[in-house]
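Trainee: The structure follows.
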Amino acid sequence: MNVLVVVAMALAAISSLGVVLSRQTIYSALSLVVTIAMISVLFLLLNAQFLFAVQIIIYAGAVMVLFVFIIALLSPDAEDRPGRDWRAVVGLIAVAAVTILVFVAAGNGVTYNSKGFRATQLLGSCTSLNAGPCDPYRTFSYPVDATNAAGNVQTVAGQLFTTFLLPFEITSLLLLVAVIGAVYLTRRGVER
Amino acid sequence: MLSDYAPILVFLVVVLGFAVGAQVASNALGPRRPSAAKELPYESGIVPRESARRRFSVSFYVTAMLFIIFDVESIFLFPWATIVRQLKIFGIVEIAIFIGTLLVGLLYVWRKGALRWD
Numbered sequence: 185m186n187v188l189v190v191v192a193m194a195l196a197a198i199s200s201l202g203v204v205l206s207r208q209t210i211y212s213a214l215s216l217v218v219t220i221a222m223i224s225v226l227f228l229l230l231n232a233q234f235l236f237a238v239q240i241i242i243y244a245g246a247v248m249v250l251f252v253f254i255i256a257l258l259s260p261d262a263e264d265r266p267g268r269d270w271r272a273v274v275g276l277i278a279v280a281a282v283t284i285l286v287f288v289a290a291g292n293g294v295t296y297n298s299k300g301f302r303a304t305q306l307l308g309s310c311t312s313l314n315a316g317p318c319d320p321y322r323t324f325s326y327p328v329d330a331t332n333a334a335g336n337v338q339t340v341a342g343q344l345f346t347t348f349l350l351p352f353e354i355t356s357l358l359l360l361v362a363v364i365g366a367v368y369l370t371r372r373g374v375e376r
Numbered sequence: 003m004l005s006d007y008a009p010i011l012v013f014l015v016v017v018l019g020f021a022v023g024a025q026v027a028s029n030a031l032g033p034r035r036p037s038a039a040k041e042l043p044y045e046s047g048i049v050p051r052e053s054a055r056r057r058f059s060v061s062f063y064v065t066a067m068l069f070i071i072f073d074v075e076s077i078f079l080f081p082w083a084t085i086v087r088q089l090k091i092f093g094i095v096e097i098a099i100f101i102g103t104l105l106v107g108l109l110y111v112w113r114k115g116a117l118r119w120d
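Protein chains in written order, with the numbering used here: chain A, 185 to 376; chain B, 3 to 120.
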């Protein structure tokens, strides 16, 4: 395994422990920033540059700002240290079970097809609007070299703005609903 | 592929080196004469009056929420910009619909006065 992957995973695990174990909620939030940054490094190492950018800009940027504001809004003081709780045991068992399941599944080859399926031909026809058959549902496995040759972000964009155009436009409606909801829920009684 | 990120690594090393170096140099070279006034939390030169751990106005929360929403909007513009030449007029139209929908949201926020700070 790559050294960088191991370092990033270890730092992600340590900082996520910091999220759970910090007594000050604000330190939990700061640990979460480190966790998110390390996960973004993992995305980068997996050759998913767009997800890397999303992870940094949306999660480490915007979502963390919201979290910090919520902390400032609700409980600025240090949290009381909870005693030993049976829920911690249940959580630990669940985490261990999921981890084992993931490793067993990956070990048995339940993963993305690393060979890719007709992706080389389709990358060209799907990123541009040129004529040609384009069946993206059969090309979810992109071989690394072909994707990099076509441009990684360009490949994502080519799918997003042609094949998945409707979900993309629906995203804007979802965001619109979120805008209205945010303003409505925090209104201050008086109608302006 | 990974070597493409060498400039970022250099940048990180320089940033960390500068941050750590400045702290170490300041501790090693600077004189230390602590006094009560110097131990106070720095608040732009004003004497702090109360604890910083107090509740914030909900207005901050609305602002943060709106920031996230328009941040999510802007993240879609990055992949769009990489292939806008290939998408031609089709790309302009679809991003116009996308931004137009969110512009309605912005107008709503504006009309409701959520951008006003009072």
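The C-beta atom is built at its ideal place from N, Cα and C for all residues, glycine as well.
Could you check the C-alpha separation between B:I10 and A:L201 for me, to the nearest Å?
Mentor: Position 8 of the second sequence, counted from the start, is the residue given in the question as residue 10 of chain B. Position 17 of the first sequence, counted from the start, is the residue given in the question as residue 201 of chain A. Roughly 27 angstroms between the two C-alpha positions.
Trainee: Quick one: measure Cβ to Cβ for A:S206 and A:M222, integer angstroms, because I've assumed they're closer than 8 angstroms.
Mentor: Taking the first sequence and counting its residues from 1, the one referred to as residue 206 of chain A is at position 22. Taking the first sequence and counting its residues from 1, the one referred to as residue 222 of chain A is at position 38. About 17 angstroms separates the two Cβ atoms, so there is no contact after all.
Trainee: Measure the beta-carbon distance from B:G23 to A:L359 and round it to whole angstroms, keeping in mind my assumption that it falls under 8 angstroms.
Mentor: For the purposes of this step, residue 23 of chain B is taken as the residue at position 21 of the second sequence. For the purposes of this step, residue 359 of chain A is taken as the residue at position 175 of the first sequence. Between A:L359 and B:G23 the Cβ distance is about 43 angstroms, and since that is not below 8 angstroms, they are no contact.
Trainee: Is B:S46 near the ligand NAP, in the sense that its beta carbon is under 7 angstroms from a heavy atom of that ligand?
Mentor: With respect to the ligand NAP, the structure offers nothing, as it holds no ligand at all.
Trainee: Starting from A:R207, trace the alpha helix (DSSP H) in both directions and tell me its first and last residue.
Mentor: Here residue 207 of chain A is taken as the residue at index 23 of the first sequence, counted from 1. Premise fails: A:R207 is in no alpha helix (DSSP H) and is neither H nor E.
Trainee: Which of helix, strand or coil does DSSP assign to B:R113?
Mentor: Taking the first residue of the second sequence as 1, we reach residue 113 of chain B at position 111. The answer is helix: DSSP assigns B:R113 an H, G or I state.
Trainee: When you compare the CB positions of A:V367 and B:Y110, do they come within less than 8 angstroms of one another, or not?
Mentor: As a first step, residue 367 of chain A must be located in the first sequence, where it is residue number 183. As a first step, residue 110 of chain B must be located in the second sequence, where it is residue number 108. In contact: A:V367 and B:Y110 (Cβ atoms closer than 8 angstroms).
Trainee: Identify whether A:A280 lies in helix, strand or coil by the three-state DSSP scheme.
Mentor: Counting from one through the first sequence, the residue named residue 280 of chain A turns up at place 96. Looking at A:A280 - three-state DSSP - the assignment turns out to be helix.
Trainee: Please report the straight-line C-alpha distance between A:T339 and B:A83, rounded to a whole angstrom.
Mentor: Walking along the first sequence from the start, residue 339 of chain A turns up at place 155. Walking along the second sequence from the start, residue 83 of chain B turns up at place 81. If you take the alpha carbons of A:T339 and B:A83, they lie about 12 angstroms apart.
Trainee: Taking 8 angstroms as the CB-CB limit, is A:F348 close to chain C?
Mentor: Chain labels in this structure do not include chain C; the protein chains are A and B.
Trainee: Please determine, among A:I364, A:T347, A:F236 and A:L344, the residue with the shortest C-alpha to C-alpha distance to B:K114.
Mentor: The residue given as residue 114 of chain B occupies position 112 in the second sequence. Cα-wise, what sits closest to B:K114 is A:I364.
Trainee: Give a yes or no on whether 8 angstroms exceeds the smallest Cβ distance from A:A366 to chain B.
Mentor: As a first step, residue 366 of chain A must be located in the first sequence, where it is residue number 182. For A:A366, the answer is yes, since a Cβ of chain B falls inside 8 angstroms of its Cβ.
Trainee: Can you give the Cα-Cα distance for A:V187 and A:L229, rounded to whole angstroms?
Mentor: The sequence position of residue 187 of chain A within the first sequence is 3, counting from 1. The sequence position of residue 229 of chain A within the first sequence is 45, counting from 1. So the two alpha carbons sit approximately 11 angstroms from each other.
Trainee: Any beta carbon from chain B within less than 8 angstroms of A:L216's own beta carbon?
Mentor: Your numbering for residue 216 of chain A matches position 32 in the first sequence. Chain B contact via Cβ: absent.
Trainee: Is B:K114 close to chain A? Criterion is C-beta to C-beta, closer than 8 angstroms.
Mentor: Residue 114 of chain B sits at position 112 when you count from the first residue of the second sequence. Yes, contact with chain A.
Trainee: Under 8 angstroms between C-beta atoms, does A:Q338 make it to chain B?
Mentor: For this step, residue 338 of chain A is matched to residue 154 along the first sequence. Interface residue, yes.
Trainee: Counting only beta-carbon atoms, is A:G316 nearer than 8 angstroms to chain B?
Mentor: For this step, residue 316 of chain A is matched to residue 132 along the first sequence. Bear in mind that a pLDDT of 45 at A:G316, under 50, signals an unreliable position, so the number given afterwards is only what the model happens to contain. False, the Cβ-Cβ gap to chain B never drops below 8 angstroms.
Trainee: Closer than 6 angstroms by C-beta to A:F236: which residues in its own chain qualify, once you throw out the five before and the five after it? Chain order, please.
Mentor: Along the first sequence, one-based indexing puts residue 236 of chain A at 52. For A:F236, where only same-chain residues beyond five positions count, the Cβ hits under 6 angstroms are S224, F227 and L228.
Trainee: So which residues of chain B does A:I241 contact, with C-beta pairs closer than 7 angstroms?
Mentor: In the first sequence, the residue the question calls residue 241 of chain A occupies position 57. Chain B residues near A:I241: D73 and I77.
Trainee: Could you check whether the region 273-280 of chain A touches the region 81-97 of chain B, counting it as contact only if at least three pairs of C-beta atoms, one from each stretch, sit closer than 8 angstroms?
Mentor: As far as the Cβ criterion goes, the region 273-280 of chain A does not touch the region 81-97 of chain B, which means the pair count is below three.
Trainee: Against chain A, with Cβ distances strictly below 8 angstroms, would B:V95 count as a contact?
Mentor: Residue 95 of chain B sits at position 93 when you count from the first residue of the second sequence. For B:V95, the answer is no, since every Cβ of chain A falls outside 8 angstroms of its Cβ.
Trainee: What separation, rounded to the nearest whole angstrom, lies between the Cα atoms of A:L306 and A:Q343?
Mentor: Start at 1 with the first residue of the first sequence, and residue 306 of chain A comes out as number 122. Start at 1 with the first residue of the first sequence, and residue 343 of chain A comes out as number 159. Bear in mind that the predicted position of A:L306 carries a pLDDT of just 44, short of 50, making it unreliable; the figure below should be weighed with that in mind. Near 11 angstroms, if we compare the C-alpha coordinates of A:Q343 and A:L306.
Trainee: Is DSSP giving A:G202 helix, strand or coil here?
Mentor: Within the first sequence, the letter at position 18 stands for residue 202 of chain A. Note: A:G202 maps to helix in three-state DSSP.
Trainee: Which class does A:L230 belong to by DSSP, given the choice of helix, strand or coil?
Mentor: Locating residue 230 of chain A in the first sequence gives position 46, counting from the first residue. Reduced to three states, the DSSP call for A:L230 is coil.
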